[in-house]
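**Q** Sharing a structure here in structure tokens format.
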Amino acid sequence: MKLLLSFCLLLALTSFAPPKPKLTTVKLAPGLAVGVPQGFAPLPDEGIAVKFPAARKPLAVFSDPSGRIDYSISARPTTFGPDYPILLAMYKASVQRLYTKVDFLTQETRKVNGREFAVLEFVSTLSDNRRTVQQAAIRKYEYIQYAVQGQQLYIFSFSAPAEEQAKWRPIAQAAMGAVELK
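FYI, the numbering for the sequence shown is -17 to -1, 1 to 165, going by mature numbering (1 follows the signal peptide of the UniProt record, and there is no 0).
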């Protein structure tokens, strides 16, 4: 009887768990596959050029239908060895310089599918105090993972408006947990 009661209690508790985010596996290169949230679509080159102006364009960018949430994957040449605590400290300092305020939710090294990553998850605030007319600060929820593979640094970045963090955080975590880099 106790076993039946325990089973029913376990079943009831797990039925209230949020549904697991649905991801579609996309192979970007040999040895590199990512889980893209359902409903996200690849951003065309013109869209990438507008949203991510840089000398090196990302390998891929996926956006939700509204265009407000982005998941980007980039690769850059590096001579940096895979010392992840140093990589984490270096990118944490870099993130802190980019924004007016940063509230870190996660800052750690972790294994994902057998591969080591430096992970930064945070809410950023960017204010422009240079103007006489104050504009509202821009707040974003961001989840970034870094990995070194050979002579390449891979950067996986998920970005959403901070006010939608509760909705997008489990999806970002699932997408980052689905990265396969061999």
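No residue lacks a Cβ here, since even glycine has one placed at the ideal position from N, Cα and C.
#1: Considering just the uninterrupted stretch of the alpha helix (DSSP H) at R80, what are its terminal residues?
#2: What separation, rounded to the nearest whole angstrom, lies between the Cα atoms of S49 and G22?
#3: Would you kindly check if the distance between the Cβ of G18 and the Cβ of W143 is under 7 Å?
#4: Using a Cβ-Cβ cutoff of less than 6 Å, which residues in the same chain neighbour L15 once the five nearest sequence positions on both sides are dropped?
#5: What first and last residue would you give for the beta strand (DSSP E) that runs through K123?
#6: Taking Cβ to Cβ, would you say F105 is nearer than 7 Å to V131?
#7: Tell me, which residues are paired with T7 by DSSP?
#8: What is the DSSP secondary structure of A161, counted as helix, strand or coil?
#9: Going by CA-CA distance only, name the one from S110, Y129 and I127 that's closest to I121.
#10: Are the beta-carbon atoms of M159 and Q134 separated by less than 7 Å?
#11: In chain order, what residues of the same chain have a beta carbon less than 8 Å from the beta carbon of G99, not counting five sequence neighbours either side?
#12: What does a CB cutoff of less than 8 Å around K10 pick up in its chain, not counting 5 residues either side in sequence?
#13: Less than 7 Å separating the beta-carbons of S55 and V44?
#14: Do the CB positions of K40 and I31 come within less than 7 Å of each other?
#15: Using DSSP with H/G/I as helix, E/B as strand and the rest coil, what is A58?
**A** Checking against the coordinates, here is how it stands:
#1: Counting from one through the sequence shown, the residue named residue 80 turns up at place 97. Unbroken alpha helix (DSSP H) run through R80: Y67 to L81.
#2: Counting from 1 along the sequence shown, the entry for residue 49 is found at position 66. Counting from 1 along the sequence shown, the entry for residue 22 is found at position 39. In a straight line, the C-alpha of S49 is about 10 Å away from that of G22.
#3: Reading the sequence shown from its first residue, position 160 is the one you call residue 143. Reading the sequence shown from its first residue, position 35 is the one you call residue 18. Inspection of the sequence shows that residue 143 is occupied by Ala rather than by Trp. It is not a contact, given that the beta carbons lie outside the stated cut-off.
#4: Start at 1 with the first residue of the sequence shown, and residue 15 comes out as number 32. If we look at L15 and ignore the five residues flanking it on each side, its Cβ neighbours are L164.
#5: The residue given as residue 123 occupies position 140 in the sequence shown. Per DSSP, K123 belongs to the beta strand (DSSP E) from I121 to Q132.
#6: For the purposes of this step, residue 105 is taken as residue 122 along the sequence shown, with counting starting at 1. For the purposes of this step, residue 131 is taken as residue 148 along the sequence shown, with counting starting at 1. No Cβ-Cβ contact shorter than 7 Å links F105 with V131.
#7: Translated into positions along the sequence shown, residue 7 becomes position 24. According to DSSP, which records beta bridges pairwise, T7 is partnered with V19.
#8: Residue mapping note: residue 161 aligns to position 178 of the sequence shown, counting from 1. If DSSP states are grouped into helix, strand and coil, A161 belongs with coil.
#9: On the sequence shown, position 138 is the one that residue 121 refers to. With distances taken between Cα atoms, I121 lies closest to S110.
#10: What you label residue 159 is simply residue 176 of the sequence shown in a count that begins at 1. What you label residue 134 is simply residue 151 of the sequence shown in a count that begins at 1. No.
#11: In the sequence shown, counting from the first residue as 1, residue 99 sits at position 116. According to the sequence as given, residue 99 is Glu; it is not Gly. Taken in chain order, the residues that qualify are P65, Y67, T92, R93 and A130.
#12: As a first step, residue 10 is located in the sequence shown; it is residue number 27 there, counting from the start. Counting only Cβ-Cβ distances below 8 Å, and skipping sequence neighbours, we find A16.
#13: On the sequence shown, residue 55 is found 72 positions in, with the first residue counted as 1. On the sequence shown, residue 44 is found 61 positions in, with the first residue counted as 1. Yes, the pair counts as a contact, with Cβ atoms nearer than the cut-off.
#14: Locating residue 40 in the sequence shown gives position 57, counting from the first residue. Locating residue 31 in the sequence shown gives position 48, counting from the first residue. Result yes, Cβ atoms of K40 and I31 sit closer than 7 Å.
#15: As a working mapping, residue 58 is identified with position 75 in the sequence shown. Of the three classes helix, strand and coil, the one that applies to A58 here is strand, per DSSP.
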